[in-house]
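Data block below; observations after.
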């Protein structure tokens, strides 16, 4: 049964009164509703005065699909005339389950995406999957599955989890690195490197992971000599491997760091990894008895300008020439003397100078495994040392025999992996032609289906006989495919390009699309990728620029690194055994082990073995999506670790703030339902002073929050400003709420600035405020109040500071403490904030001071010289 009810007409400020209006709606009469049922305004038109757990659940259920649909509707392609903004979060490995680190990084990118769209930008916030690699292969071996089947199943599961978090990605641009339509272009870029002389194969002493049965790059071995993934102690093996000559780009990569904004210490880490680029390599041909052996070595010289004066070439006793299948090995072994430098019968022909120099086996580790030239005294006639340096290195580069400035510590990128689940290296080995790149028209070289995987012994691809044996693309003779696959860091070195043109079947990406979106405006991810991934991605972007594929050398403008989310751990002090929560008694002041052992309580990186992990879906189910988002943003700045302890940490404050926001809308609706037509002229002097402070606080909050969202990404500080504005509005008197435009505009700005962080709650709050407009007046031109613009909150333009505020003195939000306990804030001008007597007077005259300090004896007031804070010491 439904009843016709009369709805009270609420007149917005600035609207002309049209006379009595009756608005008839068919809605259930209040007496027909169950007293226990919770309502949602967007659904029923009835405002629930309190924000309860059930209200929150209904809000998120209602708004989740609507927010997601609106994001997809406003696709990047529809805003080509707008200024672009590319926000990129590091794509995940599809393990099958999200962890709290995922939730943190994607909450940050989602917040920035919503904010930039509200600022009128054409936003790209894509998502994809770093889907090749050892974890999937090892998991498939353990379960007897195909790694492709395992990976696709995990992707499907994780995508559902991401959607359940309300994260608005441009899913139409999804990329998956293990699909042929992606790794075809990884192979294409490899061939470009190969043709440019930057991808090469050589025999080398390499790092071997005995557990994962594969080679590791130097960057993948930790300071203890253990594998970055398996933790096994790394062994040294002599193998023929594929390398990418990143050393040729050492100097450009180092110099380009100066043009980037500060990257939370990552720029320094990159610079330290590259090293001081003061020298270069020169290519030498080895000779025995005057005859070339066919082997080429690159020799590093710290003083290239003295290359004509080089006396000899030196290698360490650990060099591959002494341990491999080299044609000069036997000669070097005869000359080798343990503990002493040894002059050998091998000579080296410098391809740049044309000079031959002897090869020496030296025990001096200064060479760090590389050849080196001895500094001579020769200088080009008439040139300074600096001029000779530049002249020689430039000429060597032109002749393609070296000369690229780099450091002695930097090594080329080892990309070979002796495993199955990776991008096949698109090369065939021909007895007549040597290594030959697969023609572009024959790409992709797809992975063959294997009946089983063991993970032990030779590369699994060796067993695919029909796949391995092929014809040489050049001479059409018999040949064998390369059976090593690429390191997954090659896949992720260019994925940010593919997002700009993800479905292109003709090339990896169209240049005009990449040039439009790049560089990435904000790149978000873990600091653990500060060296490897960022270095490789920067290198490949520099290379693509030199190939004419893109216009930009640097792929990322701003980098936002995120810290870990650490869980509370409980371990026995004597044995170090980690205990589960059910093994601990929490009833006392301090937790104790049920077995009586002494506990150590710490916060550590979440893991199953430490029993301190959190399932994001369980946390969201308990607290709600918006609460988890707000907690993550408020608990710490992005680059710092979060110590997850919801009972004593930021979560209670976040929950209270959401309730206070809800109460503000309830307060506005209640004041407007008193029956009087809003009339600012009815406000008295004291109330006008109050509205001015609301206006000042609103503008101050807009200014500060916008800065935090665009410059330093201190979302916790932005939330503190919004909480301050919430306090100001909460203390507003009824007549100010009822009759002032300032309160309405400040509340609108508050909800809009909350929307990127808590989109579901803000959407419902906005709907509750928007309903105060008269039907038909929400479409008026140039509305005075934001509430008259219509549309959902995420479709609103980001609030801006009023011009007259910019012309007025700057204001600060002063924190007020009483006996060292924070009690609220008061807005004062910057000039006023420096004078104790004046600040004390302003606080005492404010509504906050009147409420908390009017009848208390103040012993002393302390004004902080560094921050906007005053502390009143009073008698208890």
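Numbering (our numbering), first residue to last: 33 to 908.
Built from N, CA and C at the ideal position, the CB exists for glycine as well.
Query: Should residue 404 go down as buried or exposed, given a rule of 16 or more other Cβ atoms within 10 Å for buried?; Result: The predicted model places residue 404 with a pLDDT of 38, which falls under 50 and marks its position as unreliable; any figure quoted below should be read in that light. Under this definition residue 404 is a buried residue.
Query: Let me make sure I understand the geometry here. Which of 574, 572, 385, 660 has the alpha-carbon closest to that of residue 677?; Result: 660
Query: What residue ranges within the stretch 543 to 623 form continuous alpha helix (DSSP H) runs of no fewer than 4 residues, ordered along the chain?; Result: 543 to 549, 564 to 578
Query: Where do the N-terminal and C-terminal ends of the alpha helix (DSSP H) with residue 440 fall, by residue?; Result: No alpha helix (DSSP H) contains residue 440, which DSSP labels as neither H nor E.
Query: According to DSSP, is residue 501 part of a helix, a strand, or is it coil?; Result: strand
Query: Quick one: Cα of residue 796 to Cα of residue 85, how far?; Result: 15 Å
Query: Comparing the C-beta of residue 873 with each C-beta of chain C, is any distance below 7 Å?; Result: The structure shown contains no chain C, having only a single protein chain.
Query: When burial is assigned at 16 or more other CB atoms within 10 Å of the CB, is residue 142 buried or exposed?; Result: buried
Query: Among 273, 455, 728, 227, which has the Cα closest to the Cα of residue 216?; Result: 455
Query: Helix, strand or coil for residue 842 per DSSP?; Result: coil
Query: Would you kindly work out how many angstroms separate the C-alpha atoms of residue 573 and residue 139, rounded to a whole number?; Result: 27 Å
Query: Does DSSP put residue 131 in a helix, in a strand, or in coil?; Result: coil
Query: Looking only at its chain, what residues have a beta carbon closer than 6 Å to the beta carbon of residue 226, apart from the 5 residues adjacent to it on each side?; Result: 469
Query: Going by C-alpha to C-alpha distance, which of 753, 697, 781 sits closest to residue 766?; Result: 697
Query: Distance, Cα to Cα, residue 741 vs residue 294?; Result: 16 Å
Query: Within the same chain, show all residues whose beta-carbon is closer than 6 Å to that of residue 151, passing over the 5 residues directly before and after it, in chain order.; Result: 830
Query: Return the chain-ordered list of same chain residues with a C-beta closer than 6 Å to the C-beta of residue 355, the five sequence neighbours on each side being excluded.; Result: 270
Query: Candidates 188, 692, 90: which alpha carbon is nearest residue 759's?; Result: 692
Query: Taking all protein chains shown into account, decide if residue 363 is buried (16 or more other Cβ within 10 angstroms of its Cβ) or exposed.; Result: buried
Query: Alpha carbon to alpha carbon, how far is residue 318 from residue 374? Give it in angstroms, no decimals.; Result: 17 Å
Query: Might you give, ordered along the chain, the residues of its own chain that have their beta carbon closer than 7 Å to the beta carbon of residue 873, omitting 5 neighbours on each side?; Result: none
Query: By the 10 Å Cβ neighbour count, where 16 or more other Cβ atoms means buried, how is residue 277 classified, buried or exposed?; Result: buried
Query: Could you check whether residue 903 and residue 890 sit closer than 7 Å to each other, using their CB atoms as the reference points?; Result: no
Query: For residue 480, which residues of its own chain have a beta-carbon under 6 Å away from its beta-carbon, when the five flanking residues on both sides are left out?; Result: 496, 499
Query: Could you spell out the range, first to last residue, of the alpha helix (DSSP H) harbouring residue 284?; Result: 282 to 288
Query: Below 7 Å CB to CB, which residues in the same chain sit around residue 91 once its five sequence neighbours on both sides are set aside?; Result: 72, 792, 793, 796
Query: Under 7 Å, do residue 635 and residue 600 count as touching if we go by C-beta distance?; Result: yes
Query: Let me check understanding here. Comparing Cα to Cα, which of 621, 625, 620 lies closest to residue 614?; Result: 625
Query: Does the separation of the CB atoms of residue 316 and residue 384 fall below 7 Å?; Result: no
Query: Under the DSSP definition of a beta bridge, which residues are partnered with residue 161?; Result: 208
Query: Can you list, in chain order, the residues of its chain with a C-beta nearer than 8 Å to that of residue 100? Leave out the 5 residues immediately preceding and following it.; Result: 195, 198, 200
Query: So residue 121 is in the beta strand (DSSP E); what residue range does that whole segment cover?; Result: 116 to 121
Query: At which residues does the beta strand (DSSP E) containing residue 391 begin and terminate?; Result: 388 to 393
Query: If you compare alpha carbons, which of 144, 124, 248, 209 is closest to residue 189?; Result: 124
Query: Of all the beta strand (DSSP E) runs that stay within the bounds of the stretch 225 to 274, which reach a length of 3 or more residues?; Result: 231 to 241, 246 to 248
Query: Please report the straight-line C-alpha distance between residue 324 and residue 186, rounded to a whole angstrom.; Result: 54 Å
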